[in-house]
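Okay, so here's the structure we're looking at.
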């Protein structure tokens, strides 16, 4: 097997394109394709202790996380999970380019943010894809605007 690397300036910086050349589609080629696909399917996960079981969530499925005392509430598009923990500990496990703290007790995933609306006292309301409304405090608003490129 011959392995080579070709730099392509036309690709986006985060993109990787894999091309496999072979005389025929053999079992070895199929196995290689499957292994490469498995590598690209590895999505970051977040294990949560919910009651007496551990739920493993795909990080990209998380819409928002809220905390009240030591009780974490993790919202996805279809479910809400309640666990024990601190917002600071969860935040450290998340990609800061996707997840941003918007209030003392709230983190949101910007991929699910549909709109922002002015609220009272300089705060804003974030409308999420799952119909959730979150308060964006004025203290965290500059960070959100910077992340959104505003």
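Numbering (our numbering), first residue to last: -8 to 141. C-beta atoms are modelled at their ideal positions from N, C-alpha and C, and glycine is treated no differently.
CB contact flag (residue 152, residue 55, <8 angstroms): Given that the chain is displayed from residue -8 to residue 141, the structure contains no residue 152 and the question cannot be resolved.
Residue 109 - containing beta strand (DSSP E), residue span: Reading the chain shown from its first residue, position 118 is the one you call residue 109. That run of the beta strand (DSSP E) goes 104 to 109.
Backbone secondary structure at residue 137 - three-state DSSP: For this step, residue 137 is matched to residue 146 along the chain shown. Correct three-state label for residue 137: helix.
Whole-number beta carbon distance between residue 74 and residue 39, since they are thought to touch under 8 angstroms: Stepping through the chain shown from its first residue, residue 39 is reached at position 48. Stepping through the chain shown from its first residue, residue 74 is reached at position 83. Confirmed, about 5 angstroms.
Whole-number beta carbon distance between residue 93 and residue 128, since they are thought to touch under 8 angstroms: The count along the chain shown starts at 1 and reaches residue 128 at position 137. The count along the chain shown starts at 1 and reaches residue 93 at position 102. Rounded, the Cβ-Cβ distance is 7 angstroms, consistent with contact.
Nearest to residue 63 (by Cα), restricted to the options 140, 96, 104, 19: Here residue 63 corresponds to residue number 72 of the chain shown, with the count starting at 1. Ranking the options by Cα distance to residue 63, first place goes to 96.
Proximal residues to residue 61 (C-beta, below 6 angstroms), its chain only, five neighbours per side dropped: Counted from its first residue, the chain shown places residue 61 at position 70. Cβ within range, chain order: 75.
Integer Cβ distance of residue 135 from residue 91, believed to fall under 8 angstroms: Here residue 135 refers to the residue found at position 144 of the chain shown. Here residue 91 refers to the residue found at position 100 of the chain shown. Contact flag correct, Cβ pair sits at about 6 angstroms.
Per-residue burial, residue 131 [other beta carbons within 10 Å of its own, 16 or more giving buried]: For the purposes of this step, residue 131 is taken as the residue at position 140 of the chain shown. With 16 or more other Cβ atoms within 10 Å, it is buried.
Per-residue burial, residue 146 [other beta carbons within 10 Å of its own, 16 or more giving buried]: The requested residue 146 is not part of the displayed model; the chain covers only -8 to 141.
Which listed residue (20, 108, 53, -6) has its alpha carbon closest to that of residue 69: Locating residue 69 in the chain shown gives position 78, where the first residue counts as 1. The candidate whose alpha carbon is nearest that of residue 69 is 53.
Where residue 130 sits in the DSSP three-state scheme: Here residue 130 refers to the residue found at position 139 when the chain shown is read from its first residue. The answer is coil: DSSP assigns residue 130 none of H, G, I, E or B.
Start and end residues, beta strand (DSSP E) containing residue 98: Working through the chain shown from its first residue, we reach residue 98 at position 107. That run of the beta strand (DSSP E) goes 97 to 100.
Rounded straight-line distance, which links the Cα of residue 112 to that of residue 78: Reading the chain shown from its first residue, position 87 is the one you call residue 78. Reading the chain shown from its first residue, position 121 is the one you call residue 112. Residue 78 and residue 112: Cα-Cα distance of roughly 24 angstroms.
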